[in-house]
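Reading through the structure tokens given below for one structure.
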DNA sequence: ATTATATACAACCATTTGGTTTCATGTCAA
DNA sequence: TTGACATGAAACCAAATGGTTGTATATAAT
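Residue numbers (my numbering), protein chains in the order written: chain A, 3 to 124; chain B, 3 to 124.
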């Protein structure tokens, strides 16, 4: 009941405008109209993005008089972090890859030890 | 020239099937048909997802005879990690929030010190 | 040479997405 | 109470998404 929203965190952050919203709300709580002034799109469009973010609980709005003030609620991003953590072993440093390889046996990239490419630059 | 693809990392991972693909390819390099067998959707659909992942350089395919073998290339996920790192200060532990608050002065959540809600439970 | 396998590519389709405009409602201020 | 302001909500739209089927091409295998 607490979850099962139509939009999950992954989808919520997929849109650039939505990411910009999060960034903006990280600084301080803001009413919709204020927020809209930072975007080239309509107020209504911003409101929709906000409601999608709210669905993912990445943002929370409280009514204050005639305006509704939104603020960041970053905690759900832990899901993303957890998801990411699994993949860190595949790039972080070769040591952790080797560690993982040894611990879990089998698996791919048997050649990681002698490879020297993947500069990851740019 | 190195980037500017139509699909970025954020979009690439937004789809559940695509995330499942990444997970699968993390284990080992696999040809499309093999991969498809793990999904309820058509081989063609899987191929499309793969090409989207490839656009984001999260996956790389090499031709091997008549088949094309794909494997994970996790490095672009660093972008996600970097993006995330900014938000960690807003949930990780109250200490780092306080640290950030002190270091950067101003900003929201002046009340973090005395608040005791945000159980983050489920 | 023929057939089966693995993929590529094009066309098509329903639904979702990101926007818009218009109208209604609630609240603050004069 | 009469506006002005801030938001909510509905209707509509073009384009993108996630799929499908059908056809073509390259490579194995017999």
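Heads up, the beta-carbon is just placed ideally off N, CA and C, and yes, glycines get one too.
Just so it is clear, the structure is predicted and the values come from calculations on it, not from any experiment.
Point to revise | Spatially closest choice to residue 13(A) from 29(A), 53(A) and 63(A), by CA coordinates | key: As a working mapping, residue 13(A) is identified with position 11 in the first chain. Answer by Cα proximity: 53(A).
Practice item. Note down the Cα distance separating residue 89(B) from residue 67(B), rounded to an integer number of angstroms. Key: In the second chain, the residue the question calls residue 89(B) occupies position 87. In the second chain, the residue the question calls residue 67(B) occupies position 65. Straight-line measurement puts the Cα of residue 67(B) at about 46 Å from the Cα of residue 89(B).
**Study point:** Residues bridged to residue 33(B) [DSSP beta-bridge criterion]
**Key:** As a first step, residue 33(B) is located in the second chain; it is residue number 31 there, counting from the start. DSSP lists 71(B) as partners of residue 33(B).
Review point. What are the boundary residues of the alpha helix (DSSP H) that includes residue 8(A)?
Key: In the first chain, the residue the question calls residue 8(A) occupies position 6. Residue 8(A) -> no alpha helix (DSSP H), and no H or E assigned at all.
Check your understanding: Is any heavy atom of the ligand ADP found at a distance shorter than 7 Å from the C-beta of residue 73(B)?
Key -> For the structure depicted, the ligand ADP is absent and the ligand set is empty, with no information on it obtainable.
Check your understanding: Taking 8 Å as the CB-CB cut-off, is residue 15(A) touching chain B?
Key -> As a position in the first chain, residue 15(A) is number 13, starting the count at 1. So yes, residue 15(A) belongs to the interface.
Review point. Using a Cβ cut-off of 8 Å, which residues of the region 80 to 92 of chain B contact any Cβ in chain A, in chain order?
Key: 80, 82, 83, 85, 86, 88, 89, 90 and 92
Check your understanding: Any idea which residues DSSP pairs residue 2(A) with across the strands?
Key -> No answer is possible for residue 2(A): it lies beyond the span of chain A, which begins at 3 and ends at 124.
Practice item. Classify residue 11(A) as buried or exposed, calling it buried when 16 or more other Cβ atoms lie within 10 Å of its own Cβ. Key: If you number the first chain from 1, residue 11(A) lands on position 9. A residue is called buried when at least 16 other Cβ atoms come within 10 angstroms of its Cβ; residue 11(A) meets this threshold and is buried.
Review point. Ends of the alpha helix (DSSP H) at residue 84(A)?
Key: For this step, residue 84(A) is matched to residue 82 along the first chain. Residues 79 to 90.
Practice item. Using 10 angstroms around the beta-carbon of residue 20(B), count the other beta-carbons present and answer buried if the total reaches 16, otherwise exposed. Key: Residue 20(B) sits at position 18 when you count from the first residue of the second chain. Per the 10 Å Cβ criterion, buried.
Review point. When the Cα of residue 94(A) is compared with those of 104(B), 80(B), 85(B) and 92(B), which residue comes out closest?
Key: Position 92 of the first chain, counted from the start, is the residue given in the question as residue 94(A). Checking every option, the nearest Cα to that of residue 94(A) belongs to 80(B).
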